[in-house]
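Numbering-wise, the sequence shown is residues 605 to 924 according to the numbering used here.
Encoded as structure tokens, the structure appears first; notes follow it.
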Amino acid sequence: MTANATCHLLRGGQRQSIDFAEVSETIAAGNGLVWLELNDPDKPALDLLQIELNLHELAVEDALSANQRPKVEDYAGGLFIVLRTARLWDNAIEYGETHVFCGAGYLAIIRHDSGPGYGRVLDRLQAYAKPLSVGLALYALLDHVVDELRPLSARLEDRYADLEAAIFSNGFSSENLQFLFETKRDILGLMSAVQPIPEICGDLIRLHPNIVDKELRAYYRDVEDHAIRLIQTLDRLREMISDAMQLSMTTAAMQQSESVQKLAGWGAIFAIPTLVFSLYGMNFKVMPELDWTWGYPLTLLATGAGCFWLYRRLKLRGWI
605 MTANATCHLL
615 RGGQRQSIDF
625 AEVSETIAAG
635 NGLVWLELND
645 PDKPALDLLQ
655 IELNLHELAV
665 EDALSANQRP
675 KVEDYAGGLF
685 IVLRTARLWD
695 NAIEYGETHV
705 FCGAGYLAII
715 RHDSGPGYGR
725 VLDRLQAYAK
735 PLSVGLALYA
745 LLDHVVDELR
755 PLSARLEDRY
765 ADLEAAIFSN
775 GFSSENLQFL
785 FETKRDILGL
795 MSAVQPIPEI
805 CGDLIRLHPN
815 IVDKELRAYY
825 RDVEDHAIRL
835 IQTLDRLREM
845 ISDAMQLSMT
855 TAAMQQSESV
865 QKLAGWGAIF
875 AIPTLVFSLY
885 GMNFKVMPEL
895 DWTWGYPLTL
905 LATGAGCFWL
915 YRRLKLRGWI
């Protein structure tokens, strides 16, 4: 196996590290639950996993790379489950995928991310007083995946609140619009992770009673309920972001329209002296006021009066 693999036997509140070569024998002995976790395994590692757990070749082929759609596939001997994950890692949102093989006596996890792994789930299972089963271990994993999304949703809500306050205080800017787009992108990323969870839980409850027995159904419904509430929160936040982006574009259009109005108003004002002075620029010999002593002063005064009158009219109408 690779250095990024862990293998444990859980039984009676105890955890025992075992060698990978002993996995099949340990499962056959039925002495507890075998937990395996591999991070970005290569093909030789998955080939060994296939041999030890007798996995279907199509499921192993899917587990080799990420970019699989979330699903539950029923193969001979066990289930193959694909989950999309998101967690806060190194002060940034880390997206990834988790592929799960589960069958009688074992739970094998294939991670495609750079996060901290599922050590906390393993500790939680070790602390359970009740006998461990595959269904209980899978519940703990699903519950952990959903719980990892909650602080991210709260973080995005806080980010939107800060953006909203900045927008109403300082107005819209290209920087605020960029932050809105980034926030919406993160919301869509979280939605892609949490939206399949209710369907996966529902399929496990309805179609796989050998994994999710009657006692565990309430636990899976609880995970389903948490996921649905998280979906509703993210959907509401996405609508608010979309409304803010639409408002920003509408405001920008209104500001552009106001600028055009002001330019048109000042253009109309400057059109009066432009017309008058262009007529004098024609150099006609016969013009009534050329020989008048007060001709040019009166022309300038009339031009200024016309400009002032038009300025007042446009000012009252809010054009300038």
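Each residue gets a CB set at the ideal place from its N, CA and C atoms; glycine is no exception.
By DSSP, does L637 sit in helix, in strand, or in coil?
Working through the sequence shown from its first residue, we reach residue 637 at position 33. In the structure shown, L637 sits in a strand (DSSP, three-state: E or B).
Tell me the residue span of the beta strand (DSSP E) that contains A690.
Numbered from its first residue, the sequence shown carries residue 690 at position 86. Run containing A690: G682 to W693, per the beta strand (DSSP E) assignment.
With a threshold of 6 Å on Cβ separation, who are the neighbours of P800 within its own chain once the five nearest residues in sequence on each side are excluded?
Working through the sequence shown from its first residue, we reach residue 800 at position 196. Hits under 6 Å: P674.
A741 to L613, Cα distance in whole Å?
Start at 1 with the first residue of the sequence shown, and residue 741 comes out as number 137. Start at 1 with the first residue of the sequence shown, and residue 613 comes out as number 9. One C-alpha to the other measures close to 12 Å.
What span of residues does the alpha helix (DSSP H) with R810 cover, start to end?
Mapped onto the sequence shown, residue 810 falls at position 206. Per DSSP, R810 belongs to the alpha helix (DSSP H) from P800 to L811.
Out of L905, T854, G793 and I924, which has the shortest C-alpha to C-alpha gap to Q865?
Counting from 1 along the sequence shown, the entry for residue 865 is found at position 261. Selected option, being the one with the closest Cα: I924.
If you draw a straight line from the C-alpha of W898 to the C-alpha of Y915, how long is it?
Position 294 of the sequence shown holds residue 898. Position 311 of the sequence shown holds residue 915. Roughly 25 Å separates the two Cα atoms.
Suppose only complete runs of 3+ residues qualify. What are the beta strand (DSSP E) ranges in the region 686 to 743, listed by chain order?
Here the runs fully enclosed are 696 to 707 and 710 to 716.
Using a Cβ-Cβ cutoff of less than 8 Å, which residues in the same chain neighbour C706 once the five nearest sequence positions on both sides are dropped?
For the purposes of this step, residue 706 is identified with residue 102 of the sequence shown, where counting begins at 1. Counting only Cβ-Cβ distances below 8 Å, and skipping sequence neighbours, we find G682, L683, I685, A712, V738, A741, L742 and I815.
List the residues that DSSP assigns as beta-bridge partners of S621.
The count along the sequence shown starts at 1 and reaches residue 621 at position 17. Its beta-bridge partners are H612.
Is P645 buried or exposed, if buried means 16 or more other CB atoms sit within 10 Å of its CB?
By 1-based counting over the sequence shown, the position of residue 645 is 41. Flag for P645 reads buried.
Report yes if the C-beta distance between E570 and R842 is below 8 Å; otherwise report no.
With the chain represented from 605 up to 924, any question about residue 570 goes unanswered, as that position is not in the structure.
Excluding the five sequence neighbours on either side, which residues of its own chain have a C-beta within less than 6 Å of the C-beta of R746, listed in chain order?
As a working note, residue 746 is residue 142 in the sequence shown. Correcting the residue identity first, residue 746 is Leu in this sequence and not Arg. Excluding residues within five positions, the ones whose Cβ falls inside 6 Å are V827.
I'd like to know whether the C-beta atoms of E677 and L687 end up nearer to each other than 8 Å.
The sequence position of residue 677 within the sequence shown is 73, counting from 1. The sequence position of residue 687 within the sequence shown is 83, counting from 1. Contact flag unset, no.
For L652, name the three-state secondary structure that DSSP assigns.
For the purposes of this step, residue 652 is identified with residue 48 of the sequence shown, where counting begins at 1. In the structure shown, L652 sits in a helix (DSSP, three-state: H, G or I).
Hey, quick one: how far does the beta strand (DSSP E) through V676 stretch, first residue to last?
Working through the sequence shown from its first residue, we reach residue 676 at position 72. Looking at the DSSP string, the run of the beta strand (DSSP E) that includes V676 is K675 to Y679.
Using DSSP with H/G/I as helix, E/B as strand and the rest coil, what is N780?
Taking the first residue of the sequence shown as position 1, residue 780 is located at position 176. Here N780 sits in helix by DSSP.
Please report the distance separating the alpha-carbon of Y679 from that of L659.
On the sequence shown, residue 679 is found 75 positions in, with the first residue counted as 1. On the sequence shown, residue 659 is found 55 positions in, with the first residue counted as 1. Rounded to whole angstroms, Y679 to L659 spans 8 Å at the Cα level.
So the alpha helix (DSSP H) V664 belongs to, where does it begin and stop?
Locating residue 664 in the sequence shown gives position 60, counting from the first residue. Unbroken alpha helix (DSSP H) run through V664: E661 to A667.
Rounded to whole angstroms, what is the Cα-Cα separation between M605 and R615?
What you label residue 605 is simply residue 1 of the sequence shown in a count that begins at 1. What you label residue 615 is simply residue 11 of the sequence shown in a count that begins at 1. For M605, the predicted model reports a pLDDT of 47, less than 50, meaning its position is unreliable and no value from the coordinates is stated.
Is any heavy atom in the ligand NAD found nearer than 7 Å to the beta carbon of E819?
Ligands displayed in this structure: none; no statement on the ligand NAD is therefore possible.
My guess is that L838 and S773 are in contact by the Cβ rule of under 8 Å, so how many angstroms apart are they, rounded?
Start at 1 with the first residue of the sequence shown, and residue 838 comes out as number 234. Start at 1 with the first residue of the sequence shown, and residue 773 comes out as number 169. In fact, because the Cβ distance is near 26 Å, the residues do not count as touching under 8 Å.
Alpha carbons only, please: which of D666, L726, N635 and P720 is nearest the one belonging to H703?
The count along the sequence shown starts at 1 and reaches residue 703 at position 99. Taking only the C-alpha atoms, the option nearest H703 is D666.
Check the DSSP bridge columns for L642 and list the partner residues they point to.
Residue 642 sits at position 38 when you count from the first residue of the sequence shown. In DSSP, L642 forms a bridge with A609 and I714.
If we count the other Cβ atoms within 10 Å of its Cβ and call it buried at 16 or more, is Y900 buried or exposed?
Position 296 of the sequence shown, counted from the first residue, corresponds to residue 900. That one is exposed.
How many Å lie between V750 and Q620 at the Cα?
As a working mapping, residue 750 is identified with position 146 in the sequence shown. As a working mapping, residue 620 is identified with position 16 in the sequence shown. Each residue's alpha carbon lies about 27 Å from the other.
Do the region 630 to 646 and the region 714 to 727 meet, that is, are 3 or more Cβ pairs less than 8 Å apart?
With a cut-off of 8 Å, the region 714 to 727 and the region 630 to 646 count as touching, because enough Cβ pairs lie within range.
If you compare alpha carbons, which of L794, L781 and Y824 is closest to T689?
On the sequence shown, position 85 is the one that residue 689 refers to. The candidate whose alpha carbon is nearest that of T689 is L794.
Let me check understanding here. Comparing Cα to Cα, which of F624, W639 and G908 lies closest to R728?
Start at 1 with the first residue of the sequence shown, and residue 728 comes out as number 124. Ranking F624, W639 and G908 by Cα distance to R728 puts W639 first.
Quick check: G709 and G634, are their CB atoms within less than 8 Å of each other?
Locating residue 709 in the sequence shown gives position 105, where the first residue counts as 1. Locating residue 634 in the sequence shown gives position 30, where the first residue counts as 1. In this structure, G634 lies closer than 8 Å to G709 by Cβ.
Figure out for me which residue from L920, K919, L879 and L918 has the closest Cα to the Cα of L904.
Counting from 1 along the sequence shown, the entry for residue 904 is found at position 300. The shortest C-alpha separation from L904 is found at L879.
Select from I832, A831, C805 and L834 the residue whose C-alpha is nearest the C-alpha of L820.
Here residue 820 is taken as the residue at index 216 of the sequence shown, counted from 1. Of the candidates I832, A831, C805 and L834, the one whose C-alpha sits nearest the C-alpha of L820 is C805.
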